[in-house]
Structures are given as C-alpha cells and as structure tokens.
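Novice: Have a look at the structure that comes next, please.
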Amino acid sequence: MPDISTDMASTDDDDVARPPGPEDAASTQTSPEPPRARDQEDQGATSPDATPEPPAPGRSWPQLASIPVDAGHLERNLIITATRHDPAHGAFDVLRTRLVNTLAEHGWTRVAITSPTRDCGKTFTAVNLAISLSRYETHRTILMDLDMRNPSVATVLGVDDPGSMGDFLQGRTGVTDLFRRVGRNALNIGTNLAVAMNDRVEPYAAEVLRGPETKLALARMVDELDPDIVLFDLPPALAFDDVIAFKDQFDGILMIVGGGQTKPDEVHEAMRRLGEDVPLLGVVLNQAEGDDALGYSYGY
Ligand SMILES: Nc1ncnc2c1ncn2[C@@H]1O[C@H](COP(=O)(O)OP(=O)(O)OP(=O)(O)O)[C@@H](O)[C@H]1O
Ligand SMILES: [Mg+2]
Numbered sequence: 143m144p145d146i147s148t149d150m151a152s153t154d155d156d157d158v159a160r161p162p163g164p165e166d167a168a169s170t171q172t173s174p175e176p177p178r179a180r181d182q183e184d185q186g187a188t189s190p191d192a193t194p195e196p197p198a199p200g201r202s203w204p205q206l207a208s209i210p211v212d213a214g215h216l217e218r219n220l221i222i223t224a225t226r227h228d229p230a231h232g233a234f235d236v237l238r239t240r241l242v243n244t245l246a247e248h249g250w251t252r253v254a255i256t257s258p259t260r261d262c263g264k265t266f267t268a269v270n271l272a273i274s275l276s277r278y279e280t281h282r283t284i285l286m287d288l289d290m291r292n293p294s295v296a297t298v299l300g301v302d303d304p305g306s307m308g309d310f311l312q313g314r315t316g317v318t319d320l321f322r323r324v325g326r327n328a329l330n331i332g333t334n335l336a337v338a339m340n341d342r343v344e345p346y347a348a349e350v351l352r353g354p355e356t357k358l359a360l361a362r363m364v365d366e367l368d369p370d371i372v373l374f375d376l377p378p379a380l381a382f383d384d385v386i387a388f389k390d391q392f393d394g395i396l397m398i399v400g401g402g403q404t405k406p407d408e409v410h411e412a413m414r415r416l417g418e419d420v421p422l423l424g425v426v427l428n429q430a431e432g433d434d435a436l437g438y439s440y441g442y
C-alpha cells in the first residue's frame with residue numbers, strides 16, 4: 143500500500159444530508175399519473191397539440207448495469223478510497239472537497255485529468271477521486287476513461303468486459319450500453335457514481351475526441367445522467383494531442399505531477415500547449431520523492 147500523506151487537514155464530510163438521488167428519478171419515471179395529464183384534466187384541456195413533457199434529466203440511472211465491488215481487487219490496485227483502511231484516503235477527501243468548491247464557485251462540472259508524461263498517476267487519482275466523490279451522495283459523479291491510448295480504468299476496477307469508448311463517442315452505442323453504476327456494496331461506496339470504461343486502444347483518439355459525434359455523445363450522457371461532476375481520465379499532454387483536441391469539452395484541468403519524475407519544465411510546457419484560456423483547477427503531487435506524498439498544490 144502506498145504511504146500517502148497530504149499537507150492539508152483531512153476533512154470527513156460524509157455525514158452530509160442526502161437529497162433526492164437517481165433512485166428518486168426512477169420513482170418519478172414510474173409514477174402512474176404524469177403531472178401534465180393531471181394538469182390538463184384539472185383545467186379541462188383537451189388540445190392534442192399540447193407539447194409533450196420532456197424526458198426527465200438523469201432518467202437512465204436505473205437502467206445502468208452495475209459494477210461489482212471486490213474489496214480485495216480494489217485494494218491490490220491501490221484504490222485506497224474504497225476500503226479506507228489506509229489513512230492516506232483522507233488526502234483524496236481533501237482533494238474532493240476543494241475541487242467541488244472550486245467547481246461550484248464557477249458553475250463548472252467537467253474536469254480533465256492529465257499529466258505531462260506517462261505513469262504519473264492519472265488513473266490512480268481519477269479512480270480514487272471518483273470513489274471519494276461518490277460518498278457525496280448529494281452529487282452524481284461520472285468517470286470516463288478517455289485515455290484511449292492506454293485504457294486502464296476497467297482493469298483497476300476489475301471489470302472484464304467494459305465495452306468500447308470509441309463506439310460510444312462515435313454514436314454507435316448508447317449511454318446505457320457503456321456506462322455502469324457502482325452496485326450496492328458493503329464498503330459504502332456511493333451508488334451515484336457511474337463509470338464509462340474502455341477495452342480497446344483507439345488509433346485515431348485525438349480525431350475522435352475532437353469530432354462532432356463526441357460532442358453529441360457527451361450531450362446525450364449529460365441529458366440521460368444529469369451529472370454534477372464529470373471526471374475525464376485523459377492521456378499525457380506532452381505525448382499526444384488528445385487533451386488539446388478535447389479542450390472544448392471540459393471546464394478545467396487537474397494536472398497530475400509524478401513526484402521525482404516530472405520536471406517543472408514539463409509542467410510548464412504542458413500548460414503552455416494547452417493554452418492560457420484553459421483553467422488550471424489544481425496540481426496534484428503524486429508519489430513525491432521520499433515520502434510518497436499526495437499533495438494538492440493550488441486551485442484556480
Ligand atoms: N501514490 C502512489 N503510490 C504507489 N503507486 C502508485 C501511486 N500512484 C500510482 N501508482 C502506481 O503507478 C502506476 C502508474 O499509475 P497510473 O496508471 O495511475 O498512471 P497514469 O498516469 O494513469 O499512467 P498512463 O500514462 O500510462 O495512463 C500504477 O501501477 C499505479 O498503481
Ligand atoms: Mg492512466
């Protein structure tokens with residue numbers, strides 16, 4: 143297990159009040175008498191031209207297949223926020239809270255997770271952060287494995303047949319074909335977390351991410367799942383142009399820095415390439431030399 147620490151005080155805010163979640167959306171859907179029909183009856187309205195009620199946002203949650211939760215597998219894959227045996231999970235709770243606050247201040251929802259080079263801990267951060275966020279049951283959290291150069295979220299979560307992200311982004315499959323929801327579990331991982339994984343490398347990943355079909359696929363996801371926070375696990379910014387190609391689809395960047403591995407020049411060069419107009423939400427120092435620290439450097 144990694145010995146991860148943070149230079150910030152840990153917060154434990156899991157006891158927050160729980161407002162209506164996706165289950166409630168399900169019960170709305172199965173309501174035997176839709177509100178519009180009732181209104182019309184009351185007013186004696188019979189017009190056949192009445193505009194139909196738009197489909198409820200977030201309506202697809204009840205239809206998502208579930209991701210089984212295997213505590214041993216998650217622990218072996220360093221998903222320390224799942225079992226919470228390792229006190230280092232507190233660092234992710236701090237990151238979660240700061241991120242949620244920053245996003246709320248600006249009315250943002252979509253976070254790109256990248257790093258200058260490979261193996262800095264993007265997927266490690268993305269999955270741990272998503273599980274930490276899932277315990278905010280006030281929020282619907284989405285994690286998408288958009289690293290189509292090296293997809294690995296499914297492996298980390300122990301899902302054998304995750305499907306193809308490329309097919310979803312290009313409109314060949316729908317939201318309920320790819321997204322899965324964390325099932326009820328003894329670890330108290332929130333079930334308001336949906337994950338879209340991927341099992342194949344996409345040679346034209348940047349072109350797919352930039353394409354108009356991807357924009358439409360993401361709009362469908364937002365409509366059907368109505369998320370509060372979306373995390374995109376993306377490839378390294380200096381190795382590929384995927385993050386730049388995808389720039390219009392996210393609100394800000396979480397830059398993962400591999401301690402003892404990433405050079406300051408590489409961070410600056412990665413940010414320069416992304417452009418000054420891309421908000422930097424924070425820099426996460428993962429596996430700092432000497433003490434394996436996970437530190438959250440600064441917010442936007
Ligand atoms: N803080 C940490 N302590 C110990 N091991 C870690 C830590 N962070 C990441 N690792 C391990 O380092 C390896 C690389 O991490 P990860 O896959 O998250 O990096 P990545 O940036 O997503 O890589 P890629 O660029 O290939 O997608 C993994 O085996 C992961 O379990
Ligand atoms: Mg990765």
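End of the sequence shown sits at 442 in my numbering; the numbers just go up one at a time, nothing left out.
Backbone N, C-alpha and C fix where the C-beta goes; we use that ideal spot for every residue, glycine too.
Only a predicted model underlies this, so the values are computations on that prediction, with no experimental measurement involved.
If you reduce the DSSP assignment to three classes, tell me which class MET413 lands in.
Specialist: MET413: helix per DSSP, three-state reduction.
Novice: Considering just the uninterrupted stretch of the alpha helix (DSSP H) at ASP365, what are its terminal residues?
Specialist: Counting along the chain, the alpha helix (DSSP H) containing ASP365 begins and ends at 354 to 367.
Novice: Quick check on DSSP: helix, strand or coil for ILE459?
Specialist: Only positions 143 to 442 of the chain appear in the structure, and residue 459 is not among them; the question remains open.
Novice: Applying the 10 Å Cβ sphere with the 16-neighbour rule, what's the burial state of THR148?
Specialist: Unreliable placement is indicated for THR148, whose pLDDT of 30 sits below 50; the coordinate value is still reported in the next sentence. By the neighbour-count rule (16 or more Cβ atoms within 10 Å), THR148 is buried.
Novice: Taking only heavy atoms of ligand 2 into account, decide whether any of them is closer than 7 Å to the Cβ of ASN270.
Specialist: No.
Novice: Could you tell me whether any non-hydrogen atom of ligand 2 is closer than 7 Å to the CB of LYS264?
Specialist: Yes; taking the cut-off as 7 Å, the Cβ of LYS264 has a heavy atom of ligand 2 nearer than that.
Novice: Whole angstroms are fine: how far does the CA of GLY332 sit from the CA of GLN391?
Specialist: One C-alpha to the other measures close to 26 Å.
Novice: Compare the beta carbon distance of ILE371 and LEU288 with 8 Å and say whether it is the shorter of the two.
Specialist: For ILE371 and LEU288, no; Cβs fall outside 8 Å.
Novice: Checking 8 Å against the spacing of the C-beta atoms, do THR319 and GLY200 come in under that value?
Specialist: Residue identity differs from the one stated: residue 319 is Asp in this sequence, not Thr. Contact: no.
Novice: Tell me the residue span of the beta strand (DSSP E) that contains VAL372.
Specialist: First-last of the beta strand (DSSP E) with VAL372: 371 to 375.
Novice: Check whether the stretch 290 to 304 and the stretch 233 to 243 are in contact - that is, three or more C-beta pairs closer than 8 Å.
Specialist: Touching, no.
Novice: Can you give, in chain order, each stretch of the alpha helix (DSSP H) that sits fully within the stretch 263 to 291 and has at least 4 residues?
Specialist: DSSP runs (the alpha helix (DSSP H)) wholly in the stretch 263 to 291: 264 to 276.
Novice: To the nearest angstrom, how far is the alpha carbon of ILE398 from that of VAL211?
Specialist: Approximately 26 Å between the Cα atoms of the pair.
Novice: Could you check if TYR346 is buried or exposed, using at least 16 other CB atoms within 10 Å of its CB as the buried criterion?
Specialist: Exposed: under 16 other Cβ atoms inside 10 Å.
Novice: Roughly how many whole angstroms lie between the Cα atoms of SER306 and GLU344?
Specialist: C-alpha separation (whole angstroms): 9 Å.
Novice: Please determine, among GLY394, ASP407, ALA412, VAL426, the residue with the shortest C-alpha to C-alpha distance to GLU247.
Specialist: The candidate whose alpha carbon is nearest that of GLU247 is GLY394.
Novice: What do you get for THR193, buried or exposed, if any count of 16 or more other CB atoms within 10 angstroms of its CB means buried?
Specialist: That one is exposed.
Novice: Hey, ALA338 and PHE310 are a contact pair by Cβ (cut 8 Å); roughly how many whole angstroms apart?
Specialist: Sure, about 7 Å apart at Cβ, within 8 Å.
Novice: Could you have a look at ARG240 and say whether DSSP puts it in helix, strand or coil?
Specialist: Three-state DSSP puts ARG240 in a helix.
Novice: Between the alpha carbons of ASP419 and THR356, how many angstroms are there, rounded?
Specialist: The straight-line gap from Cα to Cα measures roughly 21 Å.
Novice: Can you look up MET307 in the DSSP assignment and give me helix, strand or coil?
Specialist: MET307: helix per DSSP, three-state reduction.
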